[in-house]
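Participant: Protein chains in written order, with our numbering: chain A, 1 to 278; chain B, 1001 to 1365. Let me give you the structure first, and then I'll get to my questions.
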Amino acid sequence: MANYAIGDVQGCFNELLGLLDRINFDPTEDHLWFVGDLINRGPESLRTLEFIYQMKESCNLVLGNHDMHFLAIAEGLRRPFKNDTLQELLESEKLTIYIKWLRCQSLLHYEKIDCEVGTKVYLMTHAGIPPHWSWLDALEASQEIKETLSSDNLHIEYLKNIYGNLPAKSETNLNRLDRLRLNTNYLTRMRFCKVDGELELKIKGTIDDKPKGFKAWFDHPLSIQNENLHIIFGHWAALGGKTGISNITSVDTGCVWGYKLTAFRLEDSRVFSYDRIN
Amino acid sequence: MKIYLVGGAVRDSLLGIPVKERDWVVVGSTPEEMIDLGYKQVGTDFPVFLHPDNKEEYALARTERKSGQGHKGFVTDVEQSITLEEDLKRRDITINAIAKAENGDLIDPYKGGEDIKNRVLRKVSDAFQEDPLRVLRVARFASQLKYLGFSIEKQTLKTMKSISQSEELNTLPRERIWQETYKALKERNPEEYFKVLIQSEAIYKLVEKKFDINLKILEKISTEILEPEQRWAALATNSDCDLDVLNRVFGVPKKVRELCDILGRLIHFDINLKPEEVRNHEVLGLIEEVDGLRRNSRFIKILKILDAYNHSDFQLKSTFIPWEVLSKQLVAVKPSSPELKDKEVAKDIRLQRLKIIDQELKKNG
């Protein structure tokens, strides 16, 4: 039995199958950790989601910005972008099942894993953990979002509200909706920030593209960090799967952009990958 | 004066089943004489005395005459001249109206012995219909003795029906109704009690409309649920009748009404949910609202009812949430670090509990 963290699939279904074949994935034994962005931009969002839904007992997943975007479109709150590839999924007769299932997912997952070097706590989010968050801050923020998104009464208001780059950082007296937007941005969109958590969401690119005064979130000293904790995230394909930090692992290797899909085995930190077909 | 063993003790020894308590009738005595002999008077409606040593109940032989409505609408007469036969005549059913003298002789003027042999519950006399409580009592005896093959004699059932059609039943204090119901719920066939209340139409008078009560459920779960409170909850929560009405009519005390409420909430919690749609905070919220962590043993007792539902053949939609395993794990949660500040401890414990719920739900998914 093993646990594999898998990077942003974004509808690259054949590559996902190829990767699972490469790791000899056994759904009765192994667990897959998906870092989010299961769908969109790639060719087969529907089949990807269908497949993961059917295997949901062997999967842990956290939601990414594309998954949130899909929910907002599916609820009629947003229009698809030109380069979105969600149409087939939106027309699926099982759409409501998938929506409900995704709405009940978390933005953060953690588990103790027995590794070759001893027991580690693996924590997975789509984008990362801002430097100023403690363990409790992270859990509390993700739980609040989960409760809101899964609520039949609150999720519409939430999905309407999460778009926007402000507030850029935590301040005392943030109202509930601003707090939810900021925390959703931390967990699903963050790349560059300041040590106090101030976000810069417009800049993408590599670490070297950092705006003045900002760093990649993982290049700051993290309040949450301790020797047993290992953070896994996706979202940032331009990193090419590298953070330069041993217990912070990026598994998004830009499959949808023509590179490869990556699986990281939690037990021994071994990396497997499968190149984009074509 | 003469002393006779009467009632349930005589009946049960003739049936060869364990005797629960012994009641005695004293003929040809007076309250003064009893007190002189060292007995302690207890009854207020009529003279009953406790034996100075064994504390068993000794009642002076008495007759009763209907003087008003209801169970208490009687004038009692405890004249020294009242005979044993007169005293036995005021009793409800023949198998309860047999006396045993000190030398072992049975005095059985209403042929209770024969009815025991034939397994019949039969009224002693026409005075039966003067006391509405007897409908409930006969129903209870039916629940107690069904397993021995007893059934209610036709004329007696007819009399019970006519009591039900009068206004007498509704004069019974609710507490008294619960007392009989509670005893019946302890018996081997509690469902028989309600069956008789339906046959005698008493239940319709009490509830004031037709309704469905799920006796099959009660019968099934009673093989593994023995406590009367839980049996009631199992029955009331699964009947097609307004729960509040049912609880009010049967004089159900608050403690038991709470069980019904909790059971109902557990059953309905995930009725329209797929396993993957169960929200961790709602699970924790429900457990906390019903005080399932602080009063974990009560909570687990209620969960046994859900188990019993599952074990019965009924295709009841029952919860797939592992409440018992969960609640035990949730109770055991300790702060994850000694360095946490007071304010953080509650947060930390809550978040740990939510995680446990996620994990357990996943296992059961």
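Even for Gly, the Cβ is constructed at its ideal location relative to N, Cα and C.
For a contact meaning CB atoms closer than 9 Å, what does Trp101 of chain A contact in chain B?
Facilitator: Lys1274, Glu1276, Glu1277, listed in chain order.
Participant: When DSSP labels each residue in this structure, what does Tyr163 of chain A get in the three-state scheme?
Facilitator: coil
Participant: DSSP state of Trp1232 of chain B, grouped into three classes?
Facilitator: Here Trp1232 of chain B sits in helix by DSSP.
Participant: Can you give me the start and stop residues for the alpha helix (DSSP H) that Ile1093 of chain B sits inside?
Facilitator: Run containing Ile1093 of chain B: none; DSSP gives neither H nor E here.
Participant: Taking a cut of 7 Å between CB atoms, which residues from the stretch 43 to 63 of chain A lie near chain B?
Facilitator: Lys56, Glu57
Participant: Rounded C-beta distance between Asn165 of chain A and Leu222 of chain A? I'm assuming under 8 Å.
Facilitator: With a Cβ gap of about 22 Å, Asn165 of chain A and Leu222 of chain A do not count as contacting.
Participant: Closer than 6 Å by C-beta to Glu29 of chain A: which residues in its own chain qualify, once you throw out the five before and the five after it? Chain order, please.
Facilitator: The answer, listed in chain order, is Met1.
Participant: List the whole-angstrom C-beta distance separating Leu187 of chain A from His126 of chain A, where the pair is believed to meet the contact cut-off of C-beta under 8 Å.
Facilitator: Contact flag correct, Cβ pair sits at about 6 Å.
Participant: Under a three-way DSSP split, which group does Cys12 of chain A fall into?
Facilitator: coil
Participant: Out of B:Leu1088, B:Lys1334, B:Ala1139, B:Leu1354, point me to the one whose CA is closest to Gln1027 of chain B's CA.
Facilitator: According to the sequence as given, residue 1027 of chain B is Val; it is not Gln. Of B:Leu1088, B:Lys1334, B:Ala1139, B:Leu1354, the residue nearest in Cα terms is B:Leu1088.
Participant: Does the CB of Asp1270 of chain B have a neighbour CB from chain A at under 8 Å?
Facilitator: no
Participant: Thinking C-beta only, is Thr85 of chain A closer than 8 Å to Asn14 of chain A?
Facilitator: no
Participant: Going by CA-CA distance only, name the one from A:Lys215, A:Gly234, A:Tyr274, A:Arg103 that's closest to Gly128 of chain A.
Facilitator: Taking each of A:Lys215, A:Gly234, A:Tyr274, A:Arg103 in turn and checking the Cα distance to Gly128 of chain A, the smallest one comes out for A:Gly234.
Participant: Gln1041 of chain B by DSSP, collapsed to three states: which one?
Facilitator: strand
Participant: Can you tell me the Cα-Cα spacing of Arg1140 of chain B and Leu1197 of chain B, whole angstroms?
Facilitator: 9 Å
Participant: Going by Cα to Cα distance, which pick from A:Ile99, A:Trp101, A:Pro211 is closest to Phe192 of chain A?
Facilitator: Of all alpha-carbon atoms in A:Ile99, A:Trp101, A:Pro211, the one lying nearest the alpha-carbon of Phe192 of chain A is that of A:Pro211.
Participant: Can you list, in chain order, the residues of its chain with a C-beta nearer than 6 Å to that of Ser1239 of chain B? Leave out the 5 residues immediately preceding and following it.
Facilitator: Ile1213, Asn1214
Participant: Taking its Cβ as the centre, do 16 or more other Cβ atoms sit within 10 Å of Ser142 of chain A, making it buried, or is it exposed?
Facilitator: By the 10 Å Cβ count, Ser142 of chain A comes out buried.
Participant: In angstroms with no decimal places, state the Cα-to-Cα distance between Ser953 of chain B and Glu1102 of chain B.
Facilitator: One cannot answer for residue 953 of chain B here, as it falls past the ends of chain B, which runs 1001 to 1365.
Participant: In whole angstroms, what separates the C-alpha of Leu90 of chain A from that of Tyr158 of chain A?
Facilitator: 20 Å
Participant: Measure the CB-CB distance between Asn60 of chain A and His109 of chain A and report whether it falls below 8 Å.
Facilitator: yes
Participant: List the residues of chain B whose Cβ lies closer than 7 Å to the Cβ of Glu75 of chain A, in chain order.
Facilitator: Per Cβ cutoff of 7 Å: no residues; Glu75 of chain A is ~16 Å from chain B at best.
Participant: So if I threshold CB-CB distances at 7 Å, which residues from the stretch 1321 to 1353 of chain B count as touching chain A?
Facilitator: Glu1344, Lys1347, Asp1348, Leu1351
Participant: Please classify Met124 of chain A: does DSSP put it in a helix, a strand, or coil?
Facilitator: strand
Participant: Does the separation of the CB atoms of Leu71 of chain A and Arg103 of chain A fall below 8 Å?
Facilitator: yes
Participant: Among residues of its own chain, excluding the 5 on either side of Leu1354 of chain B, which ones have a beta-carbon nearer than 7 Å to its beta-carbon?
Facilitator: Asn1280, His1281, Leu1284
Participant: In chain B, which residues lie less than 8 Å from Leu279 of chain A when you measure between Cβ atoms?
Facilitator: Chain A is shown from 1 up to 278; residue 279 of chain A falls before or after that span and cannot be answered.
Participant: Cβ of Ser150 of chain A less than 8 Å from any chain B Cβ?
Facilitator: So yes, Ser150 of chain A belongs to the interface.
Participant: Is it the case that the Cβ atoms of Gln1329 of chain B and Ile1356 of chain B are separated by a distance below 8 Å?
Facilitator: Yes, these two residues count as a Cβ contact at 8 Å.
Participant: Looking at the strands, I want to know which residues DSSP matches up with Leu1185 of chain B.
Facilitator: Paired residues: none, contrary to the question.
Participant: Which value, in whole angstroms, describes the spacing of the CA atoms of Thr1094 of chain B and Ser1297 of chain B?
Facilitator: One alpha carbon belongs to Thr1094 of chain B, the other to Ser1297 of chain B, and they sit about 43 Å apart.
Participant: With DSSP collapsed to three states, give me the class of Ile207 of chain A.
Facilitator: helix
Participant: How would you call Arg22 of chain A, buried or exposed, if buried means at least 16 neighbouring beta carbons within 10 angstroms?
Facilitator: exposed
Participant: Would you tell me roughly how many angstroms separate the C-alpha atoms of Lys1300 of chain B and Leu1293 of chain B, rounded to the nearest one?
Facilitator: The sequence as given places Ile at residue 1300 of chain B; Lys does not occur at that position. Approximately 10 Å, taken between the alpha carbons.
Participant: Please report how far the alpha carbon of Val1333 of chain B lies from the alpha carbon of Arg1350 of chain B, in whole angstroms.
Facilitator: 9 Å
Participant: Glu157 of chain A CB to nearest chain B CB: under 8 Å?
Facilitator: no
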